[in-house]
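Visitor: Numbering (this note's numbering), first residue to last: 7 to 552.
All C-beta atoms in this analysis are idealised placements derived from N, C-alpha and C, irrespective of residue type, glycine included.
(1) In the DSSP assignment, the beta strand (DSSP E) including residue 379 goes from what residue to what residue?
(2) Does residue 74 pass the burial test, meaning 16 or more other C-beta atoms within 10 Å, or should it be called exposed?
(3) Need the endpoints of the beta strand (DSSP E) that residue 212 sits in, please.
(4) With C-beta atoms as the reference, is residue 480 less than 8 Å away from residue 546?
(5) With residue 286 as the anchor, note down where its alpha helix (DSSP H) starts and where it stops.
(6) Near residue 200, what residues of its chain come up, given a Cβ to Cβ distance below 7 Å and the 5 sequence neighbours on each side ignored?
(7) Around the Cβ of residue 495, are there at least 16 other Cβ atoms within 10 angstroms (buried) or fewer (exposed)?
(8) Less than 8 Å between the beta carbons of residue 426 and residue 190, yes or no?
(9) What's the gap between the Cα of residue 452 and the Cα of residue 534?
(10) DSSP has residue 272 in a bridge; who is on the other side?
(11) Please confirm if the segment 234 to 244 is in contact with the segment 207 to 218, defined as three or more CB-CB distances below 8 Å between the two stretches.
(12) According to the neighbour-count rule (16 or more other Cβ atoms, all chains shown, within 10 Å of its Cβ), is residue 552 buried or exposed?
(13) Report yes if the CB atom of residue 374 is closer than 8 Å to the CB atom of residue 171, and no otherwise.
(14) Helix, strand or coil for residue 514 per DSSP?
(15) Going by DSSP, what residues sit across from residue 303 in a beta bridge?
(16) Might you give, ordered along the chain, the residues of its own chain that have their beta carbon closer than 7 Å to the beta carbon of residue 221, omitting 5 neighbours on each side?
(17) According to DSSP, what are the bridge partners of residue 475?
(18) Please state whether DSSP places residue 416 in a helix, a strand or coil.
(19) Would residue 454 and residue 531 qualify as a contact pair, given that the criterion is a beta-carbon distance under 8 Å?
(20) With distance defined between alpha-carbon atoms, name the residue in 432, 491, 529 and 510 nearest to residue 517.
(21) Could you give the first and the last residue of the continuous beta strand (DSSP E) run that contains residue 405?
(22) Of the residues 256, 248, 265 and 260, which one's Cα is nearest the Cα of residue 239?
Printed below as a string of structure tokens:
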């Protein structure tokens, strides 16, 4: 296989006989001899005396081509085997990487290779140099933060998306990508029993963002511009955003990007007596105070399943306050939204009918490989008016006649991947009943862990478990409560340094709390029991030193 070197469209020939260059069409052709070159509408013809030497790269036998179906088949099989072996042996790795900062620079060359290397060489480096620096989120002993699910179906969808490799920023760039995304998000909206206003058949609809951070950013921009069109752009210094002190930090970043004045970002104290949910009275008082001083409340974010403790804000009461004050009401259900496909947990969404937007991460607990964050809005025109651009080079008939959805106008970047394929595969290859069973199994495993903790008088459950997260702590020796935070910090470090499991922490009412989040696809009862044994052993060692 040979590739001539492409250049400008200038048509001319070298005046020199002998070694020179001849630019014909788009191709630069180094010449040995050229007595005549004729460019016609039918192509390029050379006289019988012409001798050409193309500057080319010749593919050697066995060398990897830019794209070749049979090489893809061969190398693809090898990669799938490598990944399958990784999952087969994943329990042999320390869950939390044990390397030190800067470890990899010592192991890799300072410059890229000048010549191609073999896949086998690369995979050996992955095995010996990369995997030691990986924290294994898919390990059955991973209990930190929140889960980030992989699955066979999700992996296959990701492969197909990578294989097609389209950039679906508008309908015309790949109609199937846009239309499948609309359909599968309608499917998921119906599974969650979202109000019909969130469906694409009306004025709203769903869109796949990369993360919940992107989702909250685009809706805060939409809400900002919507209110500024009403009160004037100079009023941006008066716009106020509300959330609880349990709301994810991505909202603060969205406000920073969106130009909301830091002093107008209201972080309201959650109520410990309500399991760290936000009291409607607290929101109402804050809104009334700000309006009385001439400020403009415009955005409020409630949460179903906060990051620290999976607290659930009372959507119905909070939503009515937002609605009565013309405040955009966003619901963040990034983690716990997945559980709400189960009828017994759908009650946590009561009041979502008051929301202007709703978000859940299918890549957390819904067997869909990262990234896949589903965002629904009731009024898609608010997003489009805030985020739309229409340069000449992107104009097309379908878009100009408003016949289609162009998702470039629902997000910050222009380009976007075919992410709906993996969600479509997850929904089809597992079905809602199996997905519900999957969620329920993790919740049962979390219940088991909660019971084990409750049976050990050295520990306490800090907040009631709602989903598959257990918040607990090791109790300090009597009359030594001030030592409790350090004790639990040390317990976290000692447990994670074993490599046998990985957990994370939070602060609730200034207390250092350990978080045990069940949700990895491979986790079984034996992993819960094993993790608890490690926690007990490490706790005993620490308490013996007190």
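Guide: Put simply:
(1) The count along the chain shown starts at 1 and reaches residue 379 at position 373. First-last of the beta strand (DSSP E) with residue 379: 379 to 383.
(2) Within the chain shown, residue 74 is the residue found at index 68, counting from 1. Exposed: under 16 other Cβ atoms inside 10 Å.
(3) The sequence position of residue 212 within the chain shown is 206, counting from 1. Run containing residue 212: 211 to 215, per the beta strand (DSSP E) assignment.
(4) The residue labelled residue 480 in the question sits at position 474 within the chain shown. The residue labelled residue 546 in the question sits at position 540 within the chain shown. Contact: no.
(5) In the chain shown, residue 286 corresponds to position 280, counting from 1. 286 to 298 is the extent of the alpha helix (DSSP H) around residue 286.
(6) By 1-based counting over the chain shown, the position of residue 200 is 194. Answer for residue 200: 358, 364 and 382, listed in chain order.
(7) Locating residue 495 in the chain shown gives position 489, counting from the first residue. That one is exposed.
(8) The sequence position of residue 426 within the chain shown is 420, counting from 1. The sequence position of residue 190 within the chain shown is 184, counting from 1. In contact: residue 426 and residue 190 (Cβ atoms closer than 8 Å).
(9) Position 446 of the chain shown, counted from the first residue, corresponds to residue 452. Position 528 of the chain shown, counted from the first residue, corresponds to residue 534. If you take the alpha carbons of residue 452 and residue 534, they lie about 8 Å apart.
(10) In the chain shown, counting from the first residue as 1, residue 272 sits at position 266. 248, per the DSSP bridge assignment.
(11) no
(12) Locating residue 552 in the chain shown gives position 546, counting from the first residue. So residue 552 ends up on the exposed side.
(13) Within the chain shown, the letter at position 368 stands for residue 374. Within the chain shown, the letter at position 165 stands for residue 171. At a Cβ-Cβ threshold of 8 Å, residue 374 and residue 171 do not count as neighbours.
(14) Within the chain shown, numbered from 1, the residue matching residue 514 stands at position 508. Of the three classes helix, strand and coil, the one that applies to residue 514 here is strand, per DSSP.
(15) Here residue 303 is taken as the residue at index 297 of the chain shown, counted from 1. 246.
(16) As a working mapping, residue 221 is identified with position 215 in the chain shown. Excluding sequence neighbours, residue 221 sits near 215, 365, 379 and 381.
(17) What you label residue 475 is simply residue 469 of the chain shown in a count that begins at 1. Partner(s): 523.
(18) Walking along the chain shown from the start, residue 416 turns up at place 410. DSSP places residue 416 in helix when its eight states are reduced to three.
(19) Reading the chain shown from its first residue, position 448 is the one you call residue 454. Reading the chain shown from its first residue, position 525 is the one you call residue 531. For residue 454 and residue 531, yes; Cβs fall inside 8 Å.
(20) Position 511 of the chain shown, counted from the first residue, corresponds to residue 517. Restricting attention to 432, 491, 529 and 510, the CA atom closest to the CA of residue 517 is found in 491.
(21) Within the chain shown, numbered from 1, the residue matching residue 405 stands at position 399. Element bounds for residue 405: not the beta strand (DSSP E) but the alpha helix (DSSP H), 403 to 406.
(22) The sequence position of residue 239 within the chain shown is 233, counting from 1. The alpha carbon of residue 239 has as its nearest neighbour, out of 256, 248, 265 and 260, the alpha carbon of 265.
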